[in-house]
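S.K.: Respectively, the protein sequence lines represent chains A and X. According to this note's numbering, the first sequence is numbered sequentially starting from 1. According to this note's numbering, the second sequence is numbered sequentially starting from 670.
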Amino acid sequence: MWKVGVDVGGTFTDLFAVNISTGEERTGKVLTTPEERSKGVLNAIANADLTPDEISLLVHGTTTATNALIERSFPDAAMITTEGFRDVLEIGRMHREHLYRPYQTKPAPLIRRRYRYTIDERTNAKGEVEKCVDAAQLEPIIASISEARIGSVAVCLINSYANPANERKVAEILSDALPNIRVTASADVKPVFREHTRFTLASIRATILPVMANYFERLQARLLEGGFSGNLMILKSNGGMMGVDQARLRVEELVESGPAGGVGYAAEIARTAGFPNIIHTDMGGTSFDASIIEDGQGLITREYELEFDMPVAVPMLDIRSIGAGGGSVGWVDSGGSLRVGPMSAGSVPGPACYGRGGIRPTITDANLVLGRISPDLSGKFKLDVPAARDAVETIATKLDLTIEQCAEGMIRIATEAMAQAVKLVLASRGRDPRDYAFASFGGAGPLHACAVAEALATPTVIVPRYSGVASAYGALRLAIKHDEEVFHYAPLTAEELDRVSVKLQSLGEAAVDALVAQGAKVEDLSVSFVMRMRYAGQTFEVDVVQDRGAIEDRDVQQLASSFHEAHKREFGVRSDDFPVEIVALAVTAEAPSPAGPLESEQNSQLAPSQQKGRKVWFGDWTEALVHDAAGAQIVSGPALIEDPHTSIVIPPGWAARFDSARNCILERA
Amino acid sequence: MMANPIDPITFEVLRNTFEHVCRRMTVILQKSSFSPILSENLDFSNAIYDPTLRLVGQTANCPVHLAAMHFSVQAVARKFGIETLRPGDVVILNDPYDGGTHINDVTLTMPVFYENELIGFAVSRGHWMDLGGGGPGGQGFGTHVAGEGLRLPPLKLYRDYQVDQDLLEILLRNTRTPHYVKGDLQAHMGALLAAEDELRATARKYGRATLIQGMGDMIGYTERIVRAEIENIPDGVYEGADYADSDGITDQKVWVRVKLTVAGSNLHVDFAGSDPQVAGAINSPFANTTAAVYTALQFFLAPDAPPNAGMFAPISLSLPDDCWLNARWPAPVVGCTTVTSGKVQSAIWQAVAKAIPSLAIAPTCADANWFVAAVRGPGNRIDVFSDIPAGGWGGTPYNDGLNVTLDPLGNCTNMPAEAAELLYPVRVEAFDLRQDSGGPGENRGGLGARFKFRFLNGGELSIETSRTIEGSPGVNGGGMSPVQLLVQEYQDGRREIIGGPRPDGTWRSPLLSSHKFGPGEAFEFLSTGGGGWGVAQTRAPERVRQDVIDGYVSHQAARRDYGVVLDPNTFELLHDQTSKLRNLA
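1. In whole angstroms, give me the CA-to-CA distance for Asp-904 (chain X) and Lys-1023 (chain X).
2. Any idea if Pro-1237 (chain X) is buried or exposed, counting beta-carbon neighbours within 10 angstroms, 16 or more meaning buried?
3. Since Ile-618 (chain X) meets chain A, which of its residues come closer than 8 Å, beta carbon to beta carbon?
4. In chain X, which residues lie less than 7 Å from Ser-144 (chain A) when you measure between Cβ atoms?
5. For Gly-1220 (chain X), decide whether its Cβ has a neighbour in chain A, counting only Cβ atoms nearer than 8 Å.
6. Within 8 Å of any Cβ in chain X, is that where the Cβ of His-196 (chain A) sits?
7. Hey, is the segment 156-173 of chain A in contact with the segment 48-64 of chain A, meaning 3+ C-beta pairs nearer than 8 Å?
8. Compute the Euclidean distance between the alpha carbons of Phe-713 (chain X) and His-564 (chain A), then round it to the nearest angstrom.
9. Going by C-alpha distance, which of X:Ala-1227, X:Gly-1201, X:Gly-1079 and X:Trp-1039 is nearest Leu-99 (chain A)?
10. Counting C-beta neighbours from all protein chains within 10 Å, is the total for Cys-1034 (chain X) 16 or more, i.e. buried, or is it exposed?
11. Can you give me the C-alpha to C-alpha distance between Gly-613 (chain A) and Leu-447 (chain A), rounded to a whole angstrom?
12. In its own chain, which residues sit with a C-beta less than 6 Å from the C-beta of Gly-1187 (chain X), not counting the 5 before and 5 after it?
13. Once you ignore the five residues that flank Ala-68 (chain A) on each side, which residues in its own chain have a CB closer than 6 Å to its CB?
14. Under 8 Å, Cβ to Cβ, is there at least one residue of chain A near Pro-674 (chain X)?
15. Flag this pair as yes or no: are the beta carbons of Ala-612 (chain X) and Val-927 (chain X) separated by less than 8 Å?
16. Using DSSP's beta-bridge definition, name the partner residues of Gly-330 (chain A).
17. Does Ala-996 (chain X) get closer than 8 Å to chain A when you measure Cβ to Cβ?
18. Along the segment 521-535 of chain A, what residues have a CB closer than 8 Å to any CB found in chain X?
19. What beta strand (DSSP E) runs, 3 residues minimum, are completely inside the segment 697-754 of chain X?
20. May I ask you to report which of helix, strand or coil DSSP gives Gln-602 (chain A)?
21. Should Leu-1030 (chain X) be labelled buried (16 or more other beta-carbon atoms within 10 Å of its own) or exposed?
22. Have a look at X:Gly-1110, X:Leu-1130 and X:Pro-945 and flag the residue whose alpha-carbon is nearest the alpha-carbon of Gly-806 (chain X).
23. Does DSSP put Cys-992 (chain X) in a helix, in a strand, or in coil?
24. Can you give me the C-alpha to C-alpha distance between Ala-511 (chain A) and Tyr-1221 (chain X), rounded to a whole angstrom?
25. Quick one: grab the DSSP three-state call for Lys-825 (chain X).
26. In angstroms, rounded to a whole number, what distance separates the CA positions of Leu-219 (chain A) and Ser-38 (chain A)?
27. I want to see whether chain X comes within less than 8 Å of Gln-538 (chain A), judged by CB atoms only; does it?
28. Check each candidate in A:Leu-306, A:Tyr-354 and A:Arg-434 and name the one with the smallest Cα separation from Glu-253 (chain A).
29. Under the rule that 16 or more other beta-carbon atoms within 10 Å means buried, what is Gln-831 (chain X), buried or exposed?
30. Assess, as a yes-or-no matter, whether the segment 887-905 of chain X is touched by the segment 1011-1018 of chain X under the definition of 3 or more beta carbon pairs within less than 8 Å.
31. With DSSP run on the structure shown, which of helix, strand or coil describes Glu-680 (chain X)?
32. What residues match up with His-627 (chain A) in a beta bridge as DSSP calls it?
33. I want to verify the contact list: residues of chain X whose CB lies under 7 Å from the CB of Asn-744 (chain A), in sequence order.
34. So Tyr-577 (chain A) contacts chain X; which residues on that side make the cut at Cβ distance below 9 Å?
35. Is there at least one Cβ from chain X nearer than 8 Å to Val-170 (chain A)'s Cβ?
36. So what's Phe-563 (chain A) in DSSP terms, helix, strand or just coil?
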């Protein structure tokens, strides 16, 4: 049986598999099937010469949720809210993204105003119901929702975080009247206070629930057809994974599902390859992602915004993305300047060299023209060099450049854009790129890694062993993680701690049950307890990881002192002048990856190094040695190292070596 | 001596470091402060200055603090002399006539040293909820600045990082909200310490000389961008005007008249012809007027450049001696940041529209609509609750205006209803879009809001605003938005207009001072949208139809303003009636 990681990207679907008994490793790479992404997953399995019935564990990262949200390509959802609050999603927090831009607009609300309904009801901030839900008021709303064939409704009532009774009542009436629609009550997604934050999170869930349910259903049906009876796990935004039954419900945790695997792999390299601080980048066919690994951990943010003023109130990996990939299209603007992207040829029609009807030149075409990728790189289909040259020529003539000069110009422009994106991630946290190693993932990454690193003055580049299928490999490295949180507003006193302890106990049990249901063994679990605390009078909280024993011992001193330290760490100050209070309780349960440790294949027997010469363009046609990744040892530029999924370009002045795990380390010679 | 410019990568890192330092100060102040006007409304700004007192970087949640804080650092230097300052000194001030703007904006300045040499200043300015005076939140609307609260000249509040207990006691005893003071001070201090920490780390890494040179290079970089943009504006003289509805004492309009003179890469701003100083509390000290001028121009000159002293050099300013925009002691000034800044900005935008008409955008609501309410809580404790229910922005050449977005002078956020109800004895009953409140146009003005809350135990409310005589004007043939309205709702449901035009034909000034509300009575504010851009009758009927389906525009307004007739039930476009109406127009 096999353990398999699959990553569905914008252009390629990647796969990494390891055989449980022999340790044999296989990879697969096929074009993504945007009309029906689950098909690509099956194609990738076939591409690696596997069948679903041979797979005992399939871990899957998907960008389906994110794409649907960004493109607003979900069926219309509706919202029912308290009279007076119809426009919470649209007004947001009333500020603007760009301080001084006169023509700016704001992102469209996830739920259109015509489908936002209001009812007269009220719960106060203490959680007391002041006005009950009147079923009669819901009748015309139900009729309207039904007539508009809305399939998903978010119920978002004021103060429901303090008492969800009215919200649940509305949900119940709706479900009774319209049994086929999906109903999301905001406090049941997450009982956070501040209506805009909670309503937004509920709207995210409500809008993509149907999209993801369809997706998972089709995927499971296809797998089942192939005889799959293993465990299906889905990557989540916090850098962990969850079972598909959880994922189907907690769709708001899938926003960073796609890139999570790569970050997991980068974190592993940071821990094992001697580079604790890494800039993790991933360049595929469509986009370029960048994030930071420090001390072996991907940085997590709780302030992620899907778009401006659209907070996603769950812990997420902090990843920035720009539209630059192998499929990015080169074009000439009205002023006669050469531009690249942000539009991409994607997988359909794809780069011109794929021979699938693409005629516009892409970055992949440019690399092929310059000899930096081999026409039979993938081994599965041959790239069409004349088609690539023709495509580049269409713009080269407009610019009065040779085809090679034009191709090189396209790559330089894309390189600069990627360097800028990396600077943004680092500099927004005040980090200097020179203090980091630059890790390059994704099929198109290593082609440009040294050039981007030059632009950043980063001394070291790491191309991981499985760079071409990094997210798929990384998917198998992540832990199963489950978060639970409740609103619990109380002063930090010994008496209150009794109630806190009971609540944490039940949260912990719920989290453990959730993990066990996903296949984890109780003895492998670790559970951490977080109190969200503040000084009485503040309105924002600090997350304080607390010792379970101190809670049970009602050790107020110990708990308060942990808070003071956390406040000091985060804000630089602390004080004994103010009483301390608890606002929310949270639990995270974690179990190691169900894939277990991956036994690397024995590498002591390196394949004999294969080399051949090829003309590659570095400012001019230059004779470069092309090495086979399996056998290469130390390689000086100009040269290439090729494996089935990627090509490492070593420009003149750079040299590459391999570490014991066969990661390629590049440095300026 | 001209040093060689620093290498481009270090420049880029420093550019982002200066932004990052200010952003970190902002996060700390927001998340650890106690006054909701700081933590929820973000009515504050943080900045760093170089050792020669030039602005290097700033996060401006309130652009109107931009440039004004410059006067604060100068006041500190004037009072103490830079050479006497020591690590751990923090100077507090708020005097409108000595480094401040209005009393409530309190500024804390800390010199930053690295290895005993000055490397710059960290400055944190926040709106403190209440510093005493004749009305809650400083909104007494008297005729003397002494009525607006405790006036602080530059004073050393901290020495060697230790607070001066005597001064602290004075602060604690001169406010209606002593429970915020220590917590907010701690938050400001956290922000300043973070800046000190970051600047020192940068000096350690790159050396003091490189850091200071980087500060200067950054300023030069912004100045080059601003000058290049001014050169793009045709040389000439351009005029604009706007007015405040009243100063709260007399019911006279108070006018801003501005003349922009563009010559090469220099721009001169002259307020000759603006009204003299007024009796009521909307006078603007020089620092505040300066800040409003730079804020307004930044939209058209350098929207994306690092906001620093480089913006100031190409722009000069002159003001008449006796002018409400050049206030002299003892004129009252509490409304300067919210009412007056908006009018200065709107007048400048109207002048800019004449200079570069194709880039014009229609005026905004031009008011922050800032109110302060004293609310009675349990045990008769008085608390002070404040919010800024914004209006809309004008239509642009490219799109409809922004709905309910704080006016250009600020970028504060609203107070969430759930936060307000957790903290104060109020019930927030509405904050939604006000139908038909955008000026009609080919590109419509953004909508204003309906904001309503109930005093559960009674209290009083002060507010200063405008646009109750006329709404926001349109440009290029666009229409005007409706007027703003202030309403009191009594326990029996009866509603009375307490600011703006009343059904009986009279008009009430929209500047209210300590207006009383009984238990269970509600305050409702209808803000206005922005002006329209272009002729409304040329807006595509399908765009109007979509607006009606979503309720941004009513059936009646679609017919009246846009000449578009829809079936009242199915929203189907009635072509014949529509073309008939449009042909008449």
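No residue lacks a Cβ here, since even glycine has one placed at the ideal position from N, Cα and C. Because the structure is a prediction, the values reported are computed rather than measured.
M.R.: Reading off the structure:
1. Taking the straight line from one Cα to the other gives about 12 Å.
2. The residue is exposed, with fewer than 16 neighbouring Cβ atoms inside 10 Å.
3. Outside the displayed span of chain X (670 to 1254) sits residue 618 (chain X), for which this structure offers no information.
4. Correct list: empty, because the minimum Cβ distance to chain X is about 12 Å.
5. Interface residue, yes.
6. Look at His-196 (chain A): its C-beta is under 8 Å from a C-beta on chain X.
7. Inter-segment contact for the segment 156-173 of chain A and the segment 48-64 of chain A is absent: fewer than three beta-carbon pairs are separated by less than 8 Å.
8. Computed Cα separation, rounded: 25 Å.
9. That would be X:Gly-1079, whose Cα lies nearest to the Cα of Leu-99 (chain A).
10. With a threshold of 16 other beta carbon atoms within 10 Å, Cys-1034 (chain X) meets it and is buried.
11. Between Gly-613 (chain A) and Leu-447 (chain A), the C-alpha separation is close to 18 Å.
12. Excluding positions up to five away in sequence, the list reads Gly-1127.
13. Answer for Ala-68 (chain A): Phe-74, Ile-208 and Val-211, listed in chain order.
14. With respect to chain A, the C-beta atom of Pro-674 (chain X) has no partner C-beta closer than 8 Å.
15. With chain X represented from 670 up to 1254, any question about residue 612 (chain X) goes unanswered, as that position is not in the structure.
16. Looking at the DSSP output, Gly-330 (chain A) bridges to A:Val-340.
17. For Ala-996 (chain X), no CB of chain A lies under 8 Å from its own CB, so it is not counted at the interface with that chain.
18. From the segment 521-535 of chain A, only Tyr-535 have a Cβ closer than 8 Å to chain X.
19. Entirely contained in the segment 697-754 of chain X, the beta strand (DSSP E) runs reaching 3 residues are, in chain order, 713-718 and 724-729.
20. Any reading at Gln-602 (chain A) needs caution, since the residue's pLDDT is 46, under 50, leaving its predicted position unreliable; the model's value is listed next. It is coil, neither helix nor strand.
21. In the sequence on display, residue 1030 (chain X) carries Ile and not Leu. Ile-1030 (chain X) counts as buried, since at least 16 other C-beta atoms from the protein chains shown sit within 10 angstroms of its C-beta.
22. Per the C-alpha coordinates, the member of X:Gly-1110, X:Leu-1130 and X:Pro-945 positioned closest to Gly-806 (chain X) is X:Leu-1130.
23. Secondary structure of Cys-992 (chain X) (DSSP, three-state): coil.
24. So the two alpha carbons sit approximately 45 Å from each other.
25. Three-state result, Lys-825 (chain X): strand.
26. Each residue's alpha carbon lies about 5 Å from the other.
27. Yes, Gln-538 (chain A) lies at the interface with chain X (some Cβ there is under 8 Å from its Cβ).
28. Comparing Cα-Cα distances from Glu-253 (chain A) to each of A:Leu-306, A:Tyr-354 and A:Arg-434, the minimum goes to A:Leu-306.
29. Exposed is the call here.
30. Counting C-beta pairs closer than 8 Å gives fewer than three between the segment 1011-1018 of chain X and the segment 887-905 of chain X, which falls short of the contact rule.
31. Per the sequence presented here, residue 680 (chain X) reads as Phe, with Glu not at that position. Residue state, collapsed to three classes: helix.
32. Bridge partners of His-627 (chain A): A:Gln-611 and A:Ile-641.
33. Outside the modelled stretch of chain A, which goes from 1 to 669, sits residue 744 (chain A), for which no answer is possible.
34. Note on residue identity: the sequence assigns Asp, not Tyr, to residue 577 (chain A). What Asp-577 (chain A) touches in chain X, judged by beta-carbon distance under 9 Å, is Lys-851, Gly-852 and Gln-855, going in chain order.
35. So, not an interface residue.
36. Here Phe-563 (chain A) carries a helix assignment [DSSP, helix/strand/coil].
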